[in-house]
Structure formats: C-alpha cells, structure tokens
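All residue numbers for the sequence shown refer to our numbering, where the first residue is 12 and numbers rise by one. Note that beta-carbon positions come from the ideal geometry of N, C-alpha and C, so glycine has one too. All figures in this text were calculated on a predicted structure; none of them were measured in a lab. Below is one structure, written out as structure tokens, with a few remarks after it.
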Amino acid sequence: MNENILIDVKSLYKSYKLGKTKIEVLKDLNLEIEPGEWVALLGSSGSGKTTLLNQIGTLEKPDSGTISYDNKCYSKLSNRRAAKFRGTKIGFIFQAYHLLPELTVLENVLLPGQMLGRKKKELKNIATSLIDRVGLSHRIKHRPNELSGGEQQRASIARALVNDPELILADEPTGNLDSETGKGILQIFQDLHNSEEHNHTIIMVTHDRKIAELADRIIELKDGKIVAE
Ligand SMILES: Nc1ncnc2c1ncn2[C@@H]1O[C@H](COP(=O)(O)OP(=O)(O)OP(=O)(O)O)[C@@H](O)[C@H]1O
Ligand SMILES: [Mg+2]
C-alpha cells in the first residue's frame, strides 16, 4: 500500500484493430500520479493521449496491464461498476464539450448529479454556484447551440465539477479556443488546483508545451510510452 499514489498504471497495453491491421497505441506504459497532483499529458497528434485518458477514465478497457485507483484495481471492473466509479470519482472535460444539445446550461450541469440521485434542491444550488464560478450565470437558460465555444467549454467544466470529483480528466480543454478564452479556462484549472477546500487531482491533455508548464509535472507520450517527466 502506498498512500502517496492515487493512480498507478502498470505495464499498460492498448491496441485498436482497423480491418486486419492492429494499431498498437500504448506499449508497456507505466505511470504513478499522486493525490492532488496536476499533471499535463503532452504528446504529438496520434501519440495516444486520448487513449490513455480513456483507459484511466474507465471508458475503455486495456488489452493488458492494470490501473489502480487508491490501491484498488479498477481496469477490470464490470461495465456497471465502472460507470458507478466514473460517476462518483471522475469529472470529464472533453475537447468537443459533449453537452446535450436539447438541454440548457443548467440542465446539462445538473445531469451527472441527477444520475447519482442527489437531492434536488442541494444539487441545484451547487450547479448554480458552479455556473457562476465559470462566469456563465447570464447564459444559464441557453442551449449549447446558443453559446460560443468558450462558453460551451465553461459549461462542460461546471458539469464536470458538479459531483465534486476527486479526479478531473481534461482532454485538450483549450484546444478549440482562441488564446484569450483559453487563458480564462486555464485560470479555472489554476483556481481549482490552488483552492484550499478541494484536493482535486487533474490530468490535462495538451499538445502545447507552454500550457503543460502550468502543471506540477509534464508527462510526455511518444510511441506509446512515456519518454520524459
Ligand atoms: N477507436 C479507434 N479505432 C482505431 N484506431 C484508433 C481508435 N482510437 C484511436 N485510434 C488510433 O490510435 C492512435 C492514438 O490515438 P489518440 O486519439 O489516443 O491520439 P492523441 O494523442 O489523443 O491525438 P490527438 O492529439 O490528435 O488528439 C491514433 O493513431 C489513432 O488513429
Ligand atoms: Mg486526442
């Protein structure tokens, strides 16, 4: 048991089959992340960053190897248990936002909390204050197609935080945004990281070294392995 390791990735292999071709994306990858760490995952396009994030987030299962969270192996959980694990522990921020188009900002942010069956009033208060925190109070009743890209990303950050996740997985959170809007998003990450009451662990994918340097540690992926830390 090592209390100083939150996520322990051991000898991870992941490949995809495309017709008869096997694409080996992650090859014997090893990684340890401490609780409260802000880690940047850096690598060129196609290096396997999203693939690694999907394995850590239990959205996909590895071919072999293990991923432990809090000293418990979770890479082999059943789909139902994996969904419960994700819902309670992880907040996802996707590059393409993935907001539900028919729901308003507030409804999108409420959704992960409703899935856990949380009390309505308490949940609404939390969602409203998170929307305020990301600077979207004036857009609370808007639907995603009535928002700018930066506003959609901020809504998706509020949604990721609604269940107060221990782990935040962010895939190119500023990838589609102009640099000013991107700075605003990165400020939210910095505030989260520095906030006293919360001890979020953050894994942030980026291909921009300048952005990666904001994190505590840079992990660089190349040819399916970690090359530099
Ligand atoms: N579902 C899939 N089926 C087949 N191949 C896939 C699949 N998902 C990813 N790949 C391949 O795996 C490799 C790694 O993809 P991945 O999305 O992890 O890269 P990435 O580092 O996130 O790149 P980017 O910076 O462009 O987002 C790529 O060559 C990609 O084509
Ligand atoms: Mg990617």
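Taking N15 as reference, the option from K21, I44, Y24, K31 with the minimal CA-CA separation is I44. For D227, the CB contacts under 6 Å within the same chain, skipping 5 residues up- and downstream, are E48, W49 in chain order. Sequence-distant partners of I229 (beyond 5 residues in either direction) whose C-beta falls short of 6 Å from its own C-beta, in its chain, are A51, L53, A223. Taking non-hydrogen atoms of ligand 2 into account, the C-beta of T32 is found less than 7 Å away from none of them. For A138 and L110, the gap between their C-alpha atoms comes out near 15 Å.
Going by DSSP, K28 is part of the beta strand (DSSP E) stretching over 18-29.
N119 counts as buried, since no fewer than 16 other beta carbons sit within 10 angstroms of its beta carbon. Looking at E35, I18, Y27, the one whose alpha-carbon comes closest to that of K236 is E35. If you check the C-beta of G47 against ligand 1, you find no heavy atom less than 7 Å away.
Unbroken alpha helix (DSSP H) stretches of 4 residues or longer found wholly inside the region 159-186: 160-172, given in chain order.
Here the region 54-69 lies against the region 96-104, with 3 or more beta-carbon pairs under 8 Å apart. Y80 counts as buried, since at least 16 other C-beta atoms from the protein chains shown sit within 10 angstroms of its C-beta. Relative to ligand 1, S140 has its C-beta separated by 7 Å or more from all heavy atoms. The beta strand (DSSP E) runs of length 3 or more contained entirely in the region 180-238 are, from start to end of the chain, 212-217, 228-233.
In this structure, S22 sits near N41, with a CB-CB distance shorter than 8 Å. The DSSP-derived three-state label of D39 is strand.
Contact between V116 and L88 does not hold, since the beta-carbon distance rounds to 32 Å and is not under 8 Å.
When the beta-carbon positions are compared, Q164 and P184 come within less than 8 Å of each other. Using a Cβ distance threshold of 8 Å, L122 and R170 count as a contacting pair.
Assignment of beta-bridge partners to L141 by DSSP yields no partner.
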